[in-house]
Amino acid sequence: MRSAPIPYFDRRPIALASRSERGFVLIAAMIILLMLTLMSIGMFRSLGLEELITGNTREKEHAFYAAQSAMQYAEEQLLASSGGQGTPCAIPTTLGANAFQICSNSLSAEVFATTPWNTGSPSSFGAPYAPAQQIAVSATGGEAAAQVSTAGALVSTYYAAPQYAVAYLGPDPAGNATLYQVTTLGYGGNANALAVLQSVYSIKSGTRCVSKPC
């Protein structure tokens, strides 16, 4: 009598878990790749924005230093002239470079409406300032990047020459000094880089005792 064959069972594990793990790794890798891509795009955008901010700050500093230089010159000329009430000035002015004049009329609201910082054009509201150390001004009035010369003669290129205007304000409340308003305008390398400075300068008058008895 023959015995029935014993059935054979394969006890090797089925690799279902392995396949599911490989699918999870693929999804995780795609998510990480997407995150890295978004981070890279954000970094490139921030770098471009930082470059724009740096360029704008540099041009604004050029405009500020140009206006400050014109203000120092105007205050020095005002002190050397011993003041006075001045004469009426037309706006825009036709004064030549470094020409000093005290205006008996201050810059009114109507005048401010036609000034370069409101119109965007380099029209003259005061005398242009040409410093002893030469600067180059764009001949066409267009945008020009700042340049540094190795020869030392050319310092920078500006959109237009800085300007200054001096206006008589009258005596101070105590009556011991005369007040003047100094307004200056400076450009950077383009028309949008513009700085306007204004100061009130006082000149005292009178005698001083230099020996005793007084």
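If you read the sequence shown in the numbering used here, its first letter stands for residue 514, the second for the next number, and so on.
C-beta atoms are modelled at their ideal positions from N, C-alpha and C, and glycine is treated no differently.
Note that the structure is predicted; figures quoted are calculated from it, not measured.
A contact between stretches requires three or more CB pairs, one per stretch, nearer than 8 Å, and the segment 679–693 fails this requirement with the segment 555–573.
The three-state secondary structure of Gln614, taken from DSSP, is coil. For the pair Ser582 and Pro675, the CB atoms are nearer than the 8 Å cut-off.
Here Glu589 is exposed, its C-beta having fewer than 16 other C-beta atoms within 10 Å. Assigned with DSSP and collapsed to three states, Ser595 falls in coil, not helix or strand.
Less than 8 Å divides the Cβ of Ala579 from the Cβ of Tyr671. Gly688 has no beta-bridge partner at all, per DSSP. Ala708: member of the beta strand (DSSP E) spanning Leu707 to Lys717, first to last residue.
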